[in-house]
Amino acid sequence: MNANRIMADTDDAKMNMTPMIDMTFLLVVFFMLTIDLSQKEFFPVDLPFATEGVEDKEDEGEVRRFVINLAGDGHVYFKSYEFDLASEDPGEQDDAIQALQDALREVHGKDPSLREKDGASKVPVMIHGDWGAKWKYVQWIMQACAHPDIKIYKLQFAVKRPPDKKSKN
Amino acid sequence: MNVPLEEPEETELNMTPMIDIVFQLIIFFLLSLKFKTIDRRIESMLPKDRGLAPTPTFPEDFLKVKIKLFRRDMKDKEKAHTVLRIDNDRTTYKLPAAWKGRLKELSAGTRVQDYDKTMARIKSVVVKKMKAHGGNPEEVKGEIVAPPPKGGAVPHGDIVQVLNIFLELGMIDVVFEGAATPLTSKERAARAAKKGR
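First to last, the protein sequences are chains G and H.
Heads up: take any position in the first sequence, counting from 1, add 136, and you land on the working numbering.
To convert, note that position 28 of the second sequence is 23 in the working numbering; the numbers rise steadily by one, no gaps.
Here you go:
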């Protein structure tokens, strides 16, 4: 009888780990999901300065935008694709632009709900480009977007406010 | 009496290593979590009817302010700089700051101020031109021309600054001109034919 009572006491004093483990797993899952979404989209670049930019809020519209990253050395990162526009050989540059077009076409898909009546795409493209990237690369990206079977015309340039200017008055 | 008491404790699962690992995972994801770096954007539209036209064919009679940009001294990275010309005026404007130096030089303040001064001068000229065209910014088209090859090498940041001047003045209709694909259409067709074989 005595021994039984002792056994019951020690059982009661033990910590119940289950809720803590539940919580930690939830945290792990949360971080895993957020990390996937926030990191892939933007490549770290030195953005150009502009005072006229509008505050960027993600996904205001019904359609999720495409982000095309342009690094200072002419590399383009779009979703999981990478293209090198800075090649010495114009043929290779042309191939890179073609590949970008193919990627845009593939990612855009054929969903008719993403198209306006005139065939233009509803998807906006953000050019998240480095300050020092050559302008012709941006132009090539714009040309790829405006290609007759892609028809993306909505364009956004990612910019940042100059650190030496507070706000325009 | 002691034996039945110890047995159930030994068969219990040891949670400690699992919890250790889970905490490690949490710390890893916490540290590698990066928040996005942009907070502003400029919106724009590409021309629908002439997106890929080799030469732009607009009527010449509309009111416009044209800013032409090109790069000089491209061979020397230190000396390379952008030069601007407004309409066909004789005056050219040299943008002094090399893009790489901009952030660094902000603390010193000299060359960045030069850059901003030049931009302010350009803005005042654009304002004059706009007034000469009637003064309604929405009726005057801004044109940013960067003809290849010297225009293609202008940094994206300089073009955005010029675009910013137009937007500051309320000129929302801005045209970009001067794109050239790396291959001419003939070269492209020849390459396609070669690949097909």
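Built from N, CA and C at the ideal position, the CB exists for glycine as well.
Within chain G, no C-beta atom comes less than 8 angstroms from the C-beta of H/Gln19; the nearest is roughly 10 angstroms away. Nearest to H/Val169 by alpha-carbon distance, out of H/Glu138, H/Pro132, H/Arg35, H/Ala127, is H/Glu138.
Taken through DSSP and simplified to helix, strand or coil, H/Val122 comes out as helix.
Within chain G, no residue has its beta carbon less than 8 angstroms from that of H/Ile167; the closest one is some 10 angstroms off. With three or more CB-CB distances shorter than 8 angstroms, the segment 262 to 281 of chain G counts as touching the segment 200 to 214 of chain G.
For G/Gln237, no chain H residue has a Cβ inside 8 angstroms of its Cβ, as the nearest lies near 11 angstroms away. In its own chain, leaving out the 5 sequence neighbours on each side, no residue places its CB closer than 8 angstroms to the CB of H/Ile14. Along the segment 158 to 171 of chain G, the positions whose C-beta sits under 9 angstroms from a C-beta of chain H are Thr160, Phe161, Leu163, Val164, Phe166, Phe167, Met168, Thr170, Ile171, read in chain order. Under the three-state reduction of DSSP, G/Ile288 is assigned to coil, being neither helix nor strand.
Going by DSSP, G/Phe178 is part of no beta strand (DSSP E) at all; its letter is neither H nor E. Of all residues in the segment 274 to 289 of chain G, only Val274, Gln275, Trp276, Met278, Gln279, Cys281, Ala282, His283, Pro284, Lys287, Ile288, Tyr289 place a beta-carbon less than 9 angstroms from a beta-carbon of chain H. With its beta carbon less than 7 angstroms from one in chain H, G/Ala294 belongs to the interface. Remark: fewer than three beta-carbon pairs, one from each stretch, lie closer than 8 angstroms, so the segment 149 to 164 of chain G and the segment 121 to 128 of chain H are not flagged as touching. Taking the C-beta atoms as reference points, H/Ile21 is found no nearer than 7 angstroms to G/Val165. Apart from sequence neighbours up to five positions away, the residues of its chain that approach G/His264 with a beta-carbon distance below 8 angstroms are Phe178, Phe179, Val181, Leu183, Val203, Ile204, Asn205, Leu206, Ala294, ordered along the chain.
For G/Pro226, at least one C-beta of chain H is nearer than 7 angstroms to its own C-beta. In this structure, DSSP gives G/Lys193 a state outside helix and strand, which the three-state scheme calls coil. The beta-bridge partner set that DSSP reports for H/Lys136 consists of H/Lys59.
Residues are counted here when their Cβ sits less than 8 angstroms from a Cβ of chain G; for the segment 122 to 150 of chain H these are Ala141, Pro143, Gly146, Gly147, Ala148, Val149, Pro150, given in chain order. Under the Cβ criterion of 7 angstroms, H/Phe57 is not counted among the residues facing chain G.
Around H/Phe65, no beta-carbon contact reaches into chain G at under 7 angstroms, the shortest distance being about 10 angstroms. Under the 10 Å beta carbon count, H/Phe23 is surrounded by fewer than 16 other beta carbons and is classified as exposed. For G/Gly265, the nearest beta carbon of chain H is closer than 7 angstroms to its own beta carbon.
A direct Cα-Cα distance of roughly 22 angstroms separates H/Arg66 from G/Asp220. Taking a beta-carbon distance threshold of 7 angstroms, H/Glu163 counts as an interface residue toward chain G. If you compare the alpha carbons of H/Asp84, H/Pro132, H/Asn9 with that of H/Leu164, the shortest gap goes to H/Pro132.
Counting only residues of its own chain and dropping the five nearest sequence neighbours on each side, G/Val243 has a CB closer than 8 angstroms to the CB of Phe202, Phe214, Lys215. What G/Phe185 touches in chain H, judged by beta-carbon distance under 9 angstroms, is Arg97, Gly152, Val155, Gln156, Asn159, going in chain order. Closest in C-alpha terms to H/Tyr110, from the list H/Val157, H/Ile37, H/Asp71, H/Leu8, comes H/Val157. A Cβ-Cβ contact shorter than 7 angstroms links H/Val135 with H/Met166.
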